[in-house]
Amino acid sequence: MAFGIDVRSEVLRRALESLDPGIRTQGFAGFFGLPVAHQPFASDVVENSLPVLLRPSFLTCAAVPSEAAAERARVAALPAAERIDTAEAVLRAMSLTTDLAPLVLLAGHGAMVVSNPHASALHCTACGGYQGAVSARLLATLLNDAEVREGLAARGIAIPPDTLFLGALHDTTTDAVTIHAADHPAPAHAAALRQAEALLVQAGAPSCTTTTGAPTRGSACWS
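Residue numbering for the sequence shown is 0 to 222, as defined by numbering that gives the first Met the number 0.
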């Protein structure tokens, strides 16, 4: 599971890895290397979901209003070669080129806030002050694409046919993680997905108290 780099995600990462030796996590830039400007459904605001010093190269938009697909975005007129180039660059930057697990979760982060003037600071700074789920879900869509995988294989990155990428959002105010499994329905991964969801709930639940009285996460106490 790759999390957007953020100190608020580090505790959850350590708790998650403590639950099962077969779990591996890593941190990566919250915009996942995708220079995207995104327009949410029924909104006239275009969100530049990338560091403010960079300029977006792709424009995406939410095409449908349903909750399961409210942010399922499509990249406008993006040719296959460019999709493959982007996927290769991101995977090599993340060092995810071999030994991929059957289920790979990509988690952006954000904060559950309402009418908070500091909301942008509480979301993802690597995503221009917006939540990081859009970039995570876009990358999952890119890496699940058969044409992209075929192109990656020709460049020495062979993604196993049973590997599924899913985007997610780590809510850093509650440590709840929402996995957007409806983006890529995969009945063969149902058991692995249920296990992942259960482990994430366990990792995000307060389990003990330190000597300072501060709550901790997961199966171990962090001093």
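The beta carbon of each residue, even a glycine, is placed where N, CA and C say it ideally should be.
Per DSSP, the unbroken alpha helix (DSSP H) holding GLY203 starts and ends at 189–203.
The bridge partners DSSP lists for HIS117 come to none. With a cutoff of 7 Å on beta-carbon distance, GLY166 and ARG136 are scored as near each other.
Counting C-beta pairs closer than 8 Å gives three or more between the region 136–148 and the region 173–188, which meets the contact rule. Apart from sequence neighbours up to five positions away, the residues of its chain that approach TYR129 with a beta-carbon distance below 7 Å are GLU46, SER48, HIS122 and CYS123, ordered along the chain.
The beta carbons of GLY29 and ALA125 sit about 4 Å from each other, so the pair counts as a contact at 8 Å. When the Cα atoms are used, MET111 and LEU33 turn out to be separated by approximately 23 Å.
With fewer than 16 neighbouring CB atoms inside 10 Å of its own CB, ASP161 falls in the exposed class. By the CB criterion at 7 Å, GLY107 and ALA88 fall outside the cutoff. The DSSP-derived three-state label of ILE22 is coil.
Runs of the alpha helix (DSSP H) lying entirely within the region 156–191 and spanning at least 4 residues: none are present.
Counting the other Cβ atoms within 10 Å of the Cβ of ASP5 gives 16 or more, which makes it buried. Taking all protein chains shown into account, VAL44 has fewer than 16 neighbouring C-beta atoms within 10 Å of its C-beta and is therefore exposed.
Just so you know, the alpha carbons of ALA79 and GLU146 end up roughly 7 Å apart.
For the 7 Å CB-CB criterion, HIS117 and SER8 do not form a contact. PHE2 places its beta carbon 7 Å or farther from that of VAL35.
About 6 Å separates the beta carbons of ALA86 and LEU151, which is inside the 8 Å limit, making them a contact pair. In the structure shown, GLY32 falls within a coil segment according to DSSP collapsed to helix, strand and coil.
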